[in-house]
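As structure tokens, the structure follows; a few thoughts come after it.
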Amino acid sequence: MSSNNQKEKQIRKNILKWYFKNKRNLPWRTSYKHNLPNPYYILISEFMLQQTTVNEVIPRFKEFIKLWPNLKKLSITQERQILKFWSGLGYYIRSKRLLKSAKIISKKYNNQIPSTFADLITLPGVGVYTAKAIMGIAYNKPVLPLDANIERIITRVYCLSESMNKIKKEIFNFSIGLISKKKSSNLIQGFMDYGSLICTPIKPHCNKCIISNKCNAFQNNLTNLIPVKNKNIKMKPKKFTRAYIILNQYNEVLLRRRPSHGMLQSMLEVPNDEWLDKKKLLKTDKIIKSLSIKHLKLIKKFIYIFNHYNLNVDIFYTLVSKKKIKNYSWLSLKKTMQSGLPTLMKKIIKIYMKSIEL
Numbered sequence: 004m005s006s007n008n009q010k011e012k013q014i015r016k017n018i019l020k021w022y023f024k025n026k027r028n029l030p031w032r033t034s035y036k037h038n039l040p041n042p043y044y045i046l047i048s049e050f051m052l053q054q055t056t057v058n059e060v061i062p063r064f065k066e067f068i069k070l071w072p073n074l075k076k077l078s079i080t081q082e083r084q085i086l087k088f089w090s091g092l093g094y095y096i097r098s099k100r101l102l103k104s105a106k107i108i109s110k111k112y113n114n115q116i117p118s119t120f121a122d123l124i125t126l127p128g129v130g131v132y133t134a135k136a137i138m139g140i141a142y143n144k145p146v147l148p149l150d151a152n153i154e155r156i157i158t159r160v161y162c163l164s165e166s167m168n169k170i171k172k173e174i175f176n177f178s179i180g181l182i183s184k185k186k187s188s189n190l191i192q193g194f195m196d197y198g199s200l201i202c203t204p205i206k207p208h209c210n211k212c213i214i215s216n217k218c219n220a221f222q223n224n225l226t227n228l229i230p231v232k233n234k235n236i237k238m239k240p241k242k243f244t245r246a247y248i249i250l251n252q253y254n255e256v257l258l259r260r261r262p263s264h265g266m267l268q269s270m271l272e273v274p275n276d277e278w279l280d281k282k283k284l285l286k287t288d289k290i291i292k293s294l295s296i297k298h299l300k301l302i303k304k305f306i307y308i309f310n311h312y313n314l315n316v317d318i319f320y321t322l323v324s325k326k327k328i329k330n331y332s333w334l335s336l337k338k339t340m341q342s343g344l345p346t347l348m349k350k351i352i353k354i355y356m357k358s359i360e361l
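Take 4 as the starting number for the sequence shown in the working numbering and just add one per residue.
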């Protein structure tokens, strides 16, 4: 056995030993069959964990499973129901893709989550990482999905000192040697937990690390410099809009549904102008035009941060008679914070509510 193979064998052994003593108690890890997690739970958790932290996902996952305890029940739900539930998790396209995947699995695979890469990768919203995560964690297949935690461990163990966007192939090549043939599920979860709790992005706990003697970055005193941050980071682009809080005499706020494409697909919203790159190009929303409202009160300006851009929002307010507007929905202002409105819209309404308290 080569020295490199011995190194990787020892890393696997140490991580597994650490995991059995220190693993996080996550609700989607509950044993199902053959001491492995429920594949349905892993599917749901992996969709939720895309761009959302573990701590945020835990309570929402529990709520989700109460509503849809199995794939069959999920597959027959309506898109609007799951969109309403997804409020606060962000990236609403995930919920639509999850529902589409559930319907495909129900019809094509008789409600059984596929276990092969070829089948999983065809599902909406399932990429290479998610497919391997389901294969490895739920079915103990010999793979190693590369999330940020696992990539960070590999870059440090092998002291890969170039920016992440240049070493993706190297990370993958090294990952092959760390795959477990028999204990893949536990090892994958062990690596994930180890990266989250010990081999952290900032100030890793090298004094507690049980693989530091195998870590080239530690041996060269480089753990705080690796992974190397990607260079040429571009400034996040800006978009602009104007949002309108339209209240009637019953203290109800006017709502409508967003288009089925673009951001916040099919979600409820307060009326707002189309989001544009330049503020001077904004065109007043059609409902404001139809009402011939000339005096709108500017409440506040704020910036809402999306992953891909920052949205600059000017919030306006006006009061109208309910009978003046037809074919729109109204919701009591008091119920908006408990509704399925997306976080951005709740933020807009909350800012208005705070302004009238002053």
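Glycine residues also receive a C-beta, built at the ideal position from the N, C-alpha and C atoms.
Do you know offhand how far residue i's Cα is from residue j's?
{"i": "Asn2", "j": "Ser215", "result": "The first residue shown for the chain is 4 and the last is 361, placing residue 2 beyond what the model contains."}
{"i": "Arg100", "j": "Leu347", "result": "21 Å"}
{"i": "Asn152", "j": "Asn176", "result": "16 Å"}
{"i": "Ile47", "j": "Phe64", "result": "8 Å"}
{"i": "Lys172", "j": "Leu322", "result": "58 Å"}
{"i": "Thr226", "j": "Leu147", "result": "22 Å"}
{"i": "Ser188", "j": "Lys144", "result": "8 Å"}
{"i": "Val231", "j": "Lys76", "result": "45 Å"}
{"i": "Leu279", "j": "Asn254", "result": "30 Å"}
{"i": "Glu11", "j": "Leu284", "result": "57 Å"}
{"i": "Leu228", "j": "Lys211", "result": "18 Å"}
{"i": "Leu52", "j": "Lys329", "result": "40 Å"}
{"i": "Lys206", "j": "Met238", "result": "26 Å"}
{"i": "Val131", "j": "Leu29", "result": "23 Å"}
{"i": "His311", "j": "Pro240", "result": "7 Å"}
{"i": "Glu360", "j": "Asn58", "result": "32 Å"}
{"i": "Gly91", "j": "Gly265", "result": "17 Å"}
{"i": "Lys24", "j": "Ser199", "result": "15 Å"}
Which residue marks the beginning of the alpha helix (DSSP H) containing residue i, and which one marks its end?
{"i": "Asp122", "result": "Phe120 to Leu123"}
{"i": "Tyr355", "result": "Thr346 to Glu360"}
{"i": "Met58", "result": "Going by the sequence as given, residue 58 is Asn instead of Met. Where Asn58 is concerned, the enclosing alpha helix (DSSP H) stretches over Val57 to Leu70."}
{"i": "Leu258", "result": "Note, Leu258: premise wrong, no alpha helix (DSSP H); beta strand (DSSP E) at Glu255 to Arg260."}
{"i": "Leu190", "result": "Ser187 to Leu200"}
{"i": "Lys303", "result": "Element bounds for Lys303: not the alpha helix (DSSP H) but the beta strand (DSSP E), Lys300 to Ile308."}
{"i": "Tyr312", "result": "Unbroken run through Tyr312: none, as it is neither H nor E."}
{"i": "Val160", "result": "Ala151 to Val160"}
{"i": "Arg83", "result": "Glu82 to Phe88"}
{"i": "Val146", "result": "Counting along the chain, Val146 falls outside any alpha helix (DSSP H), and DSSP gives it neither H nor E."}
{"i": "Pro285", "result": "The residue you asked about is not Pro; residue 285 is Leu in the sequence shown. Element bounds for Leu285: n/a, residue is neither H nor E."}
{"i": "Arg100", "result": "Ile96 to Lys111"}
Looking only at its own chain, which residues have a Cβ that is under 7 Å from the Cβ of residue i, when we skip the five neighbours before and after it?
{"i": "Trp21", "result": "Gly193, Tyr197 and Ile213"}
{"i": "Met195", "result": "Asp150, Asn152 and Ile153"}
{"i": "Arg261", "result": "Leu267, Gln268, Ser269, Met270 and Glu272"}
{"i": "Ser342", "result": "Leu334"}
{"i": "Ile140", "result": "Pro40, Ile45, Ser188, Ile191 and Gln192"}
{"i": "Val129", "result": "Ser104 and Leu123"}
{"i": "Gln54", "result": "Gly93, Tyr94 and Asn310"}
{"i": "Tyr355", "result": "Ile248, Ile302, Ile318 and Tyr320"}
Quick one: using the 10 Å Cβ neighbour count with 16 as the cut-off for buried, is residue i buried or exposed?
{"i": "Ile295", "result": "For the record, residue 295 in the displayed sequence is Ser; it is not Ile. Ser295 comes out exposed."}
{"i": "Met270", "result": "buried"}
{"i": "Ile18", "result": "buried"}
{"i": "Ile157", "result": "buried"}
{"i": "Pro62", "result": "exposed"}
{"i": "Thr119", "result": "exposed"}
{"i": "Trp138", "result": "For the sequence presented, residue 138 should be read as Met rather than Trp. Counting Cβ neighbours within 10 Å, Met138 comes out buried, since at least 16 surround it."}
{"i": "Ile79", "result": "exposed"}
{"i": "Tyr43", "result": "buried"}
{"i": "Ser5", "result": "Residue placement at Ser5 is poorly supported in this model, since its pLDDT is 49, which falls under 50; the coordinates still yield a value, given next. Looking at its Cβ environment, which holds fewer than 16 other Cβ atoms inside 10 Å, Ser5 is exposed."}
{"i": "Ile174", "result": "buried"}
Between which two residues does the beta strand (DSSP E) holding residue i run?
{"i": "Arg245", "result": "Lys241 to Leu250"}
{"i": "Ile328", "result": "Neither: Ile328 is in no beta strand (DSSP E) and is coded neither H nor E."}
{"i": "Ser34", "result": "Ser34 to Lys36"}
Taking 8 Å as the limit between beta carbons, can you name the residues of its chain near residue i, skipping five residues before and five after?
{"i": "Ile352", "result": "Ile248, Val256, Val273, Leu336, Thr339, Met340 and Leu344"}
{"i": "Val160", "result": "Ile14, Phe177, Ile214, Lys217, Cys218, Asn219 and Ala220"}
{"i": "Phe319", "result": "Arg245, Ala246, Tyr247, Ile248, Leu299, Lys300, Leu301 and Ile302"}
{"i": "Lys26", "result": "Arg32, Gln192, Gly193 and Asp196"}
{"i": "Asn168", "result": "Asn233"}
{"i": "Lys242", "result": "Trp278, Leu279, Asp280, Tyr312, Asn313, Leu314 and Asn315"}
Report all residues from its chain with a CB closer than 6 Å to the CB of residue i; omit the five preceding and five following residues, and keep chain order.
{"i": "Lys184", "result": "Pro145"}
{"i": "His208", "result": "Ile201"}
{"i": "Trp362", "result": "A question about residue 362 goes unanswered here, because the residues of the chain that appear run from 4 up to 361."}
{"i": "Pro127", "result": "Arg100, Lys103 and Ser104"}
{"i": "Ile85", "result": "Ser98 and Leu102"}
Are at least three pairs of beta-carbons, each pair with one atom in the stretch 100-109 and one in the stretch 62-70, less than 8 Å apart?
-> At 8 Å Cβ cutoff, the stretches do not touch.
Check whether the stretch 119-126 touches the stretch 80-96, counting contact only when three or more Cβ pairs, one atom from each stretch, lie closer than 8 Å.
-> Because the criterion of three Cβ pairs below 8 Å is not met, the stretch 119-126 and the stretch 80-96 do not touch.
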